[in-house]
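J.:
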Amino acid sequence: MSVFNHPEFDNHEKLVFHHDKSSGLKMIVAIHNTNLGCALGGCRMWNYATEEEAVADVLRLSRGMTYKAAITGLNLGGGKSVIIGDPHKDKTPEMISAVGRFMNSLNGEYVTAEDVGMTGADIKLIARETKYVAGFMPGTDTEGPSPYTAYGVYRGIESAVRFKLGRQNMQGVRVGIQGVGKVGFDLAKLLIEAGAEVCAADIYTNNIERAEKELGVTVVEPDAILQQPVDIVAPCAMGAVISQKMISQLKASIVAGSANNQLAESKDGERLAAADILYVPDYVLNSGGLIKVYYQHFFANESFSEQKRKVVSHIDQMTQQTLPRIFTQAKELEQSTSSIADKLARERFMGNTMEQTDAV
Ligand code: NAD
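Quick note, our numbering runs 16 ahead of the 1-based positions in the sequence shown.
1. Below 8 Å on the Cβ atoms is my contact criterion, and I expect D218 with P245 to pass it. Report the Cβ-Cβ distance as a whole number of Å.
2. Assign P109 to one of two classes, buried (16 or more other C-beta atoms within 10 Å of its C-beta) or exposed (fewer than that).
3. Kindly indicate which residue of D247, A280, M254 and K267 has the alpha-carbon position closest to the one of Q260.
4. Measure the C-alpha to C-alpha separation of V74 and L31 and round it to an integer number of angstroms.
5. Buried or exposed: which applies to F365, given that a residue is buried once 16 or more other Cβ atoms fall within 10 Å of its Cβ?
6. Where does M254 fall in DSSP's three states?
7. With distances taken between CB atoms, is the gap from G182 to T335 smaller than 8 Å?
8. If you measure from the CB of A275, is any heavy atom of the ligand HEM nearer than 7 Å?
9. By how many angstroms is the C-alpha of G58 removed from the C-alpha of A275?
10. Could you tell me which whole beta strand (DSSP E) segments of length 3 or greater appear in the stretch 45-98?
11. At the level of alpha carbons, what is the spacing between I47 and G188?
12. Out of curiosity, what's the CA-to-CA distance linking R226 and L349?
13. How far does the alpha helix (DSSP H) with R190 in it extend, from its first residue to its last?
14. At which residue ranges does the stretch 175-237 contain complete alpha helix (DSSP H) runs of 4 or more residues, listed in the order of the chain?
15. Consider the C-beta atom of S264 and the heavy atoms of the ligand NAD; say whether any pair is separated by less than 7 Å.
16. For G367, does the count of other Cβ atoms within 10 angstroms reach 16, so buried, or fall short, so exposed?
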């Protein structure tokens, strides 16, 4: 397997493979860029079919974190990690503790957090072994990032609905959610509370049954969710789901979800624009989780309520100011929203502008 010539390789600084024999942990950490600070990004556990698939995922995800941190205005770099294995079958406490010990060997160059396949309980276990984990504060703040990611996605959807549909509230807006895990479930709840009509799909029976029972979402087959006749599709599962083929089948006029790397290739941003579909750039829309763990980790001496105030204000700034600016620029310059977001992010981390641009 080639790394330096890998299609997803983008001048990454580090790719570290780790095997812990006694627990069976197989983990890969990718650090994309640390121009702005240490790399902070979640740990994903997924049943990858091949090691190549895991490498491609971690390279893409870590790059996305650099862009996310940069556009969010935080002085952080981009990194991510993946564990190879089925989170529902292969995960053990020994394996998760081994993740924490491995973090120590990276000396803080990479700080991990929660992602797909990992739970708050896992983060708590990792925190027993290392300080290089964000998203868990013993004794004070045990909230994970997901509710904040969902809040940010919801607020970003409100902005997109105003811009694209000219509607001032979510009453009767139809949304199709792919994946009702940690973020998708909370997003569905916020949307339903605001009067939206939500349909959803999940490949994990427990999760879709919970969303149907507790929230009353309309259940759709997983392979049909993105093609539903809705106003918005919200990919909240895995990446690369918006491809050229899928774009030709979309009936929604807005794509806005939490999943990282939703576009199968960068050209899909232009394809969505050409199809008159508003794409809400994923790493801007889903930055609420990063913002949450950033304040939790780096402002640990502040009270929970003060941290929360900063987090919510920062998310509101991203979704009510940065996103509308991206939509407007894309329209005026006749470019895709994804290319405008990339340009803004690159200007910051390539220009190495250390000035923190948050509004708190
Ligand atoms: P999760 O593991 O809790 O939920 C993902 C859900 O998607 C699971 O229920 C899974 O069964 C389902 N799923 C997977 N493939 C599917 C498919 N093909 N069709 C339908 N459902 C499918 O993960 P999460 O934390 O909710 O994250 C969801 C996405 O949002 C991921 O891409 C993640 O990287 C991204 N994200 C999450 C956060 C966060 O704070 N958790 C922050 C930023 C980005």
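Even glycine gets a Cβ: it sits at the ideal position worked out from N, Cα and C.
T.: Taking the definition as stated:
1. Residue mapping note: residue 218 aligns to position 202 of the sequence shown, counting from 1. Residue mapping note: residue 245 aligns to position 229 of the sequence shown, counting from 1. Wrong, their Cβ atoms sit about 20 Å apart, outside the cutoff.
2. Working through the sequence shown from its first residue, we reach residue 109 at position 93. The residue in question, P109, is exposed, as its Cβ has fewer than 16 Cβ neighbours within 10 Å.
3. Sequence index remark: in the sequence shown, residue 260 carries index 244 (1-based). The shortest Cα separation from Q260 among D247, A280, M254 and K267 belongs to A280.
4. Here residue 74 refers to the residue found at position 58 when the sequence shown is read from its first residue. Here residue 31 refers to the residue found at position 15 when the sequence shown is read from its first residue. Roughly 9 Å between the two C-alpha positions.
5. Position 349 of the sequence shown, counted from the first residue, corresponds to residue 365. That one is buried.
6. For the purposes of this step, residue 254 is taken as residue 238 along the sequence shown, with counting starting at 1. Residue state, collapsed to three classes: coil.
7. On the sequence shown, residue 182 is found 166 positions in, with the first residue counted as 1. On the sequence shown, residue 335 is found 319 positions in, with the first residue counted as 1. The answer is no: Cβ separation not under 8 Å.
8. Ligands displayed in this structure: the ligand NAD; the ligand HEM is not among them.
9. To locate residue 275, count along the sequence shown from 1; it is residue 259. To locate residue 58, count along the sequence shown from 1; it is residue 42. Distance between the alpha carbons of A275 and G58: 13 Å.
10. 55-62
11. Numbered from 1 along the sequence shown, position 31 holds the residue referred to as residue 47. Numbered from 1 along the sequence shown, position 172 holds the residue referred to as residue 188. Distance between the alpha carbons of I47 and G188: 43 Å.
12. Reading the sequence shown from its first residue, position 210 is the one you call residue 226. Reading the sequence shown from its first residue, position 333 is the one you call residue 349. Looking at the two C-alpha atoms, the distance is approximately 44 Å.
13. As a working note, residue 190 is residue 174 in the sequence shown. Here R190 belongs to no alpha helix (DSSP H); instead the beta strand (DSSP E) covers R190 to Q194.
14. 198-209 and 221-231
15. Reading the sequence shown from its first residue, position 248 is the one you call residue 264. No - the ligand NAD has no heavy atom lying nearer than 7 Å to the Cβ of S264.
16. As a first step, residue 367 is located in the sequence shown; it is residue number 351 there, counting from the start. With fewer than 16 Cβ atoms within 10 Å of its Cβ, G367 is classed as exposed.
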